[in-house]
Amino acid sequence: MNGDNRGQISLEYMLIFTISLIVLIVFTMPLVNQGIKTTLDVSDSIKAKSDLSKIALAIKTVYGEGQGSRQTVTINSEQSNKVDVESSYLSCNLKLKDNSYKLIKVSSKSNLKSSSIYLKKGENNVVVEWPVGSEKMLVYI
50 MNGDNRGQIS LEYMLIFTIS LIVLIVFTMP LVNQGIKTTL DVSDSIKAKS DLSKIALAIK
110 TVYGEGQGSR QTVTINSEQS NKVDVESSYL SCNLKLKDNS YKLIKVSSKS NLKSSSIYLK
170 KGENNVVVEW PVGSEKMLVY I
């Protein structure tokens with residue numbers, strides 16, 4: 050009779066442990082999923098800002114070299130995006146995992162006219178050019 054009690058205690062312990070583990074999983078999985086989405090959003094934001102910084106550096110270089118200069122930058126984009134080009138900054142609205150948008154903005158002093166370029170998913174060659182005899186620089190794909 051004494052051996053049966055130990056078996057029953059062991060069975061009860063395993064049932065309580067299993068139920069506790071299931072409850073723990075039910076409450077922690079949504080939190081882990083949200084944490085992963087947030088981490089991926091931060092990574093995408095940093096990548097987008099890096100891409101805008103590459104274009105801004107090309108603009109600064111062409112602006113410094115003057116008329117007749119040209120520079121091409123290769124951007125490998127993970128999602129399609131519209132980049133707004135202004136004379137003092139570049140910006141884009143990055144779509145996050147929760148379908149909201151985050152404005153990414155990088156300053157870039159130049160004599161560019163306001164325009165937009167569309168980066169498609171994959172490899173994009175962005176050309177920054179200041180044609181000879183022109184007062185304004187151009188940015189295009």
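Each residue of the sequence shown is one higher than the one before, starting from 50 at the first, in my numbering. Glycine included, every Cβ here is placed at the ideal spot set by N, Cα and C.
Residue i - DSSP class collapsed to helix/strand/coil
i	result
residue 92	helix
residue 171	strand
residue 129	coil
residue 178	strand
residue 183	coil
residue 102	helix
residue 50	Any reading at residue 50 needs caution, since the residue's pLDDT is 48, under 50, leaving its predicted position unreliable; the model's value is listed next. Reduced to three states, the DSSP call for residue 50 is coil.
residue 124	strand
residue 190	coil
residue 69	helix
residue 163	coil
Endpoints, beta strand (DSSP E) assigned at residue i
i	result
residue 142	138–144
residue 156	150–156
CB of residue i within 8 angstroms of CB of residue j, strictly
i	j	result
residue 177	residue 124	no
residue 174	residue 121	yes
residue 155	residue 101	yes
residue 166	residue 190	yes
residue 163	residue 132	no
residue 97	residue 141	yes
residue 129	residue 168	yes
residue 139	residue 157	yes
Cβ neighbours of residue i in the same chain (closer than 8 angstroms, five flanking residues each side left out)
i	result
residue 50	Unreliable placement is indicated for residue 50, whose pLDDT of 48 sits below 50; no coordinate value is reported for it.
residue 182	116
residue 170	126, 127, 128 and 129
Same chain, Cβ closer than 7 angstroms to residue i, neighbours up to 5 away in sequence not counted
i	result
residue 145	90 and 151
Beta-carbon separation (whole angstroms), residue i vs residue j, contact threshold 8 angstroms
i	j	result
residue 160	residue 184	7 angstroms
residue 143	residue 92	With 8 angstroms as the limit, residue 143 and residue 92 do not qualify as a contact, their Cβ atoms being about 11 angstroms apart.
residue 147	residue 86	7 angstroms
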